[in-house]
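Below is one structure; the comments refer to it alone.
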Amino acid sequence: MHINLYDLTRPQLIELLAGWGYSAYHADKIWHSLYQQQTHTTSAMSDLRPDLQAKLQAKTAIHPLTSQLDTQSSDGFTRKFLLQLPDTHAIETVLMRFEGRKGAPRATACVSTQVGCAMGCVFCATGQMGFTRHLTPGEIVAQVLHVDAILQTGGERLRNIVFMGMGEPLHNYDNVMTAVTILTDHKGLAIAPKHITVSTVGVVPGILQLANDGPPVRLAVSLHGATDAERQKLVPPARRWPLADLMAACRAYTTKRKRRIFFEWTLIENENDTPEQAHALGQLLQGMEAHINLIPLNPTIGYDGEPTHSAAAKQFQTILGQYNLPSTVRQRRGIDIAAGCGQLAAITHSHPTSKQVY
Ligand code: SAH
Ligand code: SF4
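According to the numbering used here, the sequence shown holds residues 98 to 455 in order.
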């Protein structure tokens, strides 16, 4: 079995080469080829000693992901890639552009962490498809490299990563954190940890682990309900991790990390957008370092709820303001290419009978 070089952190690569009798100097050269030059084959790493190159070819492989489909939203701000994994499963990765504060575009990659998802949130296309498998660190890293390479052709670099694609990152904790170590390595892509956001449905042990010994990434927690009864209707794992436990883990995170948490709330008309839920949310988060992102529901085939209208969203925000809680209603982006939050399902045109998300 060949080792995928994208699976290794730099210290792991150094260790691998040390085992073969090569110094860290050689490992750094390979690392530079992988992440600065984006070389896709070891044979193209021309400045390596031939004996090392032969060893690499015998023992390792590099697995970039091939794009099966590349779609651009009509407003030009969102681009979605259907990427094929070595075992032929497919995942989706999204490149989003926002106007930065100084007018310069800010590029963000929305990255997947699993093929499907085991959490089963009722309104999410990924949840509706069920769980197939975890992604390896290298498969997570390769998505970022794919997006960065595309940006580089236009003279841009990737600055931000959000783990908000397919899957639940904290259900695949070790692989996601290894990928974070690789992506933030100062001799590689050098993405700043504060420019990486891990979004979780509320996997309490994962939040505690992140608080205790995780990298200094940002944390987003998807709430969607401010009472256990409401949350359990939408988010099945809420039965395993009730709000009391979830909020205790969130407080542990803000205390240890001295960072605010982003709370995500998908606004569904007449479901969780009522003044009662807004007040319950205000009480739940009052006094916490928090920012609430309100996301009007994006359509998926398996759920027939409607998105909250802007007037009701505004009212929801006003109530949160009474508890001194800042919030933003997210702009809907990439809906025409099913690249919005919760719409990723990796549907290929060769599977016309699979779920459509338009
Ligand atoms: N599993 C993680 C990250 C991926 S989902 C999580 O749940 O946080 C990314 C975000 O999209 C989450 O906040 C999720 O609740 C939201 N989302 C899922 N389906 C959606 C939909 N149909 N419309 C709007 N947001 C949705
Ligand atoms: Fe999984 Fe997140 Fe979708 Fe829930 S919202 S099913 S946790 S990807």
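Even for Gly, the Cβ is constructed at its ideal location relative to N, Cα and C.
- For the pair Glu361 and His231, the Cα-to-Cα distance works out to about 23 Å.
- Ranked by how close their Cα comes to the Cα of Gly217, the residues His137, Gly303, Met226, Ala375 have Met226 in first place.
- Less than 8 Å separates the beta-carbon of Leu417 from that of Ile389.
- Taking the Cβ of Gly227 as the reference point, every heavy atom of ligand 1 lies at 7 Å or farther away.
- DSSP, reduced to helix, strand and coil, places Asp325 within a helical segment of the structure shown.
- The three-state secondary structure of Cys214, taken from DSSP, is coil.
- Sequence-distant Cβ neighbours of His292 in its own chain, meaning closer than 6 Å and more than five residues away, are Arg256, Asn257.
- Taking C-beta separations shorter than 6 Å and ignoring five residues to either side along the sequence, the partners of Lys152 in its chain run Trp117, following chain order.
- Three or more beta-carbon pairs separated by less than 8 Å link the segment 168-184 to the segment 227-246, which places the two stretches in contact.
- For Met193, there is no enclosing alpha helix (DSSP H); the enclosing beta strand (DSSP E) has its first and last residue at 187-196.
- Residue state for Pro404 is assigned as strand, using DSSP reduced to three classes.
- Selection Asn309, Gln374, Ile398 evaluated against Lys355 yields Asn309 as nearest (Cα-Cα).
- Not one heavy atom of ligand 2 lies closer than 7 Å to the C-beta of Gly303.
- Cβ atoms of Val191 and Thr175 come within 8 Å of each other, at about 6 Å.
- The segment 98-118 makes contact with the segment 268-283, as at least three CB pairs between them are under 8 Å.
- Residue pairing for Arg315: DSSP places it in a beta bridge opposite Thr294.
- Runs of the alpha helix (DSSP H) lying entirely within the segment 318-386, each at least 4 residues long, are 325-331, 340-354, 372-382 in chain order.
- Gly213 sits close to Thr223, with the two beta carbons spaced by under 8 Å.
- When the beta-carbon positions are compared, Val301 and Glu265 stay at least 8 Å from each other.
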